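Here's the structure, in C-alpha cells; my notes come after.
Laid out in C-alpha cells, this is it:
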C-alpha cells in the first residue's frame, strides 16, 4: 500500500484544471495566498500534496456555484475534471478528524472553483489499527437477528413522533406477531419528554422478550440513543441491560467523535442513520459522495449504514443509491470493515427485485414503513408481502407471476404503485 | 418565550409553497408517506410541526437542484419562499443533537423541493440550562490576551503543514517580538507525526512564557487539539499545564458531541474553526446559513467562531461575512452566549475600515497570515500596519491619509492590493 492518502474529486473551474488542481494541493498542505519564509522547496517536496491524475470530463457555459473568480483571460467556459490528489501520510497521521479536515476542509471555499465534490478516498491500513471498526458487521447482525440467506426485513415506528412508550410497545407487539425481523425508532424520536428513552426501552423490550420467550425469535430493535455522550452511553447500557440487541445513532447530528466514543463504549451493533445527508449530496457539484463519506463511519465502527432506497420518496437516483450500497459491502483495501447497507424511504414489495439485481447480494436491511403498516390486510400481510417479494427476487420470478399464488404480495402490488 | 422551537427556511418548489411547507412540517414531526394507524388528529395537534409563516420571494424557470418531482399540473415555475416552521418543545427536549436532526435532517432530501436552506433558528432558553455555553467569550478572551478597546490582532502559522515544533517555536518568537496578540495553528496542523502536539506545545510555550516573563505580555496561542476525544482532552491538559491560554478545534471534523465534551473538560477558551463550511454554504439554495449553524456551537460552548473575512480569498460575499459576525455578537434571546467572531482569509491592513464600519464593534479577532509575514519590511512591520489600520478605522480617517504619517501602513498598502 502507498504511504500516501488518496482523494478523488470532481471539480469545475474557469481556470486551467491542472492549475486549479495545484491550488487545491497547495491549500490543503503547505499553502497560503502569498509565498512566506519557511515554505522551502524541501518542505514542499516532503509535505506538499501532489496532483496524481487529472481527467477532463466536460465544459459548461454557466458556473454551477456562485462566487468563483475568473482568470484574467477567460474563454467563457467552466471545465469539469476528475482530479486525484495524494497527501503524505505524515501530514495527517492515522486520525479520522485530521483526514476529514484535509480532504474535505477549506477547499470547498476556494475561489478557483465553481464546483468541487469529494468522490472517493483511499485510507491507509494504518487506520485499522487506530480505529475500532464495526464490531458486528453483517455476520454479527445476522447472528443476533437470527436471519440468514435473505435480507433482514424491518420497519420504522410511525408516527415519527408522538407515541408514548406504551403505545410504541403495543405497536411493537403487533409487528412482532406480524413476523418482522427488525424495528427501528424514527430518527426524530430520541430521548424526548413524551417518550423518555428509559421508559421506551423498558416497555418495548418487555414485549420483545416475551415474544422471544414464546417463539425463540428475538426481534432486533434499534433504539435511537442519539444525544450527548453520557446520554448515549446510558441509553446503550439500558438497552443492553434489558436484553436489547441494537442501538441507533444519527451520525450527522452527533458527529464523528461522538459516534466513535459511542462505539468504544458499545457492546451492541450500531445502526447509523444519515439524517441531514441531503446537505452534502443534493448539489451534484458540491459536497461529498457517500462512497467517500461512509468510510469515515465504518472506521468509527458503525455496523449498519443507511443508503436510501431504490425508487425512493426522496430525490436521489437509483444509480447513486446502488453505488452507496455497493460501497458498504466492498471491503476497504487493507482494512475490510464491511457493513450492512440499510434500504429505506418509500420501500414496498415492489423494489425487491431491482434491489437484488442491482446489488447481487442479500446482505442488507430492507425497511418499509407505510409498505408494511399500510398494507390493506394489515401489518402481518405487509411483512409477508415483503418476504414473498424477496423470494420472487431470489428465484428470478417476476413479481406479478409470483403474486398469482401469493395473496399478500398481490394485495401489496395493488396498493403500492410506483 | 414560546415553548415552540422556530426554524426559518428559504425553499424553492414546483408545488404550491403552502402545500410544500406542510410537507416539511409533516416529515419533520409525525409523518410518513402514507397515513398510518395511530396518526390521530389529537396526536397531530399536539406533536405536529406547524407552518407559522410563508412569504413569497420570487419564481424561477429552472430548478436550482436536480431530483425534485413535479406536481401533476405544473406551470413551469419554481417558487421561492421564506417559510417559518415551529416545533413543539416536547418533540425535541433541550437536546442539541435532536434539534439538529429536526431542523436540518431528512427535509433536505424531500422531493417536493428544488432548493431548501435553513436560514435561522430560535432556540428556547431551556437550552441554556442543559448546555455549558462559552466559559470565556469576549471578556474572558480579552482578559487572557491582555487586549482591550481594539481588535485582537493575530496570525496563523504558515506554512500550514511541515514545520517542526522547533521551527514553529522560532517563528512564534519572531511574532512575539513583532508585537502580535494572538497566534493559531493552521487547521491542517493537528497532532501529526512531524509535529507532535506535545512537542509543539512544549517548544512554543517556552518561547511565549519567556517573552511574557520579559515583557509582561502573554501572547495567546490557539493550539489545534482536533482529534479523538481522549487526544483532545490530553492536548488541552498539556496546553493548560504549560501555561497556554487557548485551544482550537475543527468543529465540523469533530462534530457537535465532540466539541461539547471538549468544552465540558476545558478550562481554556475554545477557538472554533469551521474548515469544511463551504459544503454547507456555497450553494445558495441548499444547506445551512451560518446565522443558524453557529448557534449550535455557541450553546456547546465555543468562545471564538471563524466567520471568514471581508474581501476574502474565498467565495463568500461581504454581506454574508458581516451577517455571520453580527450573529456571533448578538445575544441569543434568553440565552446570551455571545462569542468573538474571527476574521480570517486574505486579510491585510486594507480591510480594517470596512470591517469596523460593517460591524460597528472592535470585539473581534483579526487574523492575517501573509498580511503580516509577507509585509515587505518583515513581520513586526506587518503587525504595526494592522494596528495602524485599526487606529485609522477607529478615528474614521481614510487609510491613505493615515498612511502619510505611518510608514508600515503605507508599505502594506503598496504591497497588498485588493
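Chains as they are written, first to last, in the working numbering: chain A, 71 to 488; chain B, 71 to 488.
Virtual Cβ for every residue (Gly too), placed ideally from N, Cα, C.
The model shown is predicted, which means the values in this text are computed figures rather than measured ones.
Between which two residues does the alpha helix (DSSP H) harbouring residue 351 of chain A extend?
348-351
Assign residue 486 of chain B to one of three DSSP states: helix, strand, or coil.
coil
In the structure shown, what three-state DSSP assignment does residue 380 of chain B receive?
coil
Taking DSSP's pairing of strands, which residues face residue 358 of chain A in a bridge?
A:188
Please confirm whether residue 220 of chain A and residue 135 of chain B have their CB atoms less than 9 Å apart.
no
By the criterion of Cβ-Cβ separation under 9 Å, what are the contact partners of residue 86 of chain B in chain A?
Ordered by position in chain A, no residue passes the 9 Å Cβ test against residue 86 of chain B, which lies about 19 Å from the chain.
Taking DSSP's pairing of strands, which residues face residue 254 of chain B in a bridge?
B:226, B:292
Whole-angstrom distance between residue 117 of chain A and residue 164 of chain A, CA atom to CA atom
16 Å
Short of 7 Å in beta carbon distance, which residues of its chain neighbour residue 186 of chain A, apart from the five on each side in sequence? Order them along the chain.
79, 81, 177, 178, 356
Chain-ordered neighbours of residue 126 of chain A on chain B, where CB pairs are closer than 7 Å:
None at all; the shortest Cβ gap to chain B is about 22 Å.
Residue nearest to residue 201 of chain A in terms of C-alpha spacing, selected from A:247, A:333, A:230
A:333
Under 9 Å between C-beta atoms, does residue 349 of chain B make it to chain A?
yes
Below 6 Å CB to CB, which residues in the same chain sit around residue 156 of chain A once its five sequence neighbours on both sides are set aside?
74, 76, 120, 122
Assuming residue 253 of chain B contacts residue 217 of chain B under a Cβ cut-off of 8 Å, what Cβ separation, rounded to an integer in Å, is found between them?
No, residue 253 of chain B and residue 217 of chain B are not in contact; Cβ-Cβ is about 13 Å, not under 8 Å.
Residues near residue 427 of chain B in its chain [Cβ-Cβ closer than 8 Å; skip 5 each side]
463
By the criterion of Cβ-Cβ separation under 7 Å, what are the contact partners of residue 398 of chain B in chain A?
Going along chain A, no residue has its Cβ under 7 Å from residue 398 of chain B, so there is no contact; the nearest lies around 18 Å.
Taking DSSP's pairing of strands, which residues face residue 316 of chain A in a bridge?
A:292
Can you tell me whether residue 323 of chain B is buried or exposed, with buried defined as 16 or more other CB within 10 angstroms of its CB?
buried
Short CB-CB distance (under 9 Å) between residue 142 of chain B and chain A
no
So that I know if they touch, is there some Cβ in chain A lying closer than 9 Å to that of residue 325 of chain B?
yes
Could you name the residues that DSSP lists as bridge partners for residue 153 of chain A?
A:79, A:124
Could you check what DSSP says for residue 129 of chain A in three-state terms: helix, strand or coil?
strand
Residue 276 of chain B to residue 317 of chain B, Cα distance in whole Å?
16 Å
Within 9 Å of any Cβ in chain B, is that where the Cβ of residue 103 of chain A sits?
Below a pLDDT of 50, predicted positions are generally treated as unreliable, and residue 103 of chain A, at 44, falls in that range; the measurement from the model is reported next regardless. Interface residue, yes.
Can you list, in chain order, the stretches of the alpha helix (DSSP H) that have 4 or more residues and sit fully within the segment 403-480 of chain A?
422-429, 440-443, 449-465, 469-473
Would you list, in chain order, the members of the segment 109-138 of chain A that have their beta-carbon closer than 7 Å to a beta-carbon of chain B?
109, 113, 116, 117, 135, 136, 137, 138
Consult DSSP for residue 263 of chain B and reduce its assignment to one of helix, strand or coil.
coil
Residue 208 of chain B lies in the alpha helix (DSSP H); which residues open and close that run?
207-215
Any idea what DSSP makes of residue 74 of chain A, helix, strand or coil?
strand
Are the beta-carbon atoms belonging to residue 188 of chain B and residue 405 of chain B less than 9 Å from one another?
no
For chain B, check one thing: does any of its Cβ atoms lie closer than 9 Å to the Cβ of residue 186 of chain A?
yes
Quick one: does residue 422 of chain A have its CB under 9 Å from some CB of chain B?
no
Here's a check: name, in chain order, each residue in its chain whose Cβ is nearer than 6 Å to the Cβ of residue 87 of chain A, leaving out the five neighbours to either side.
124, 149, 151
Chain A partners of residue 358 of chain B, CB-CB under 8 Å?
349
Using only alpha-carbon positions, find the residue among B:327, B:416, B:246 that is nearest to residue 385 of chain B.
B:416
Would you kindly work out how many angstroms separate the C-alpha atoms of residue 247 of chain A and residue 449 of chain A, rounded to a whole number?
9 Å
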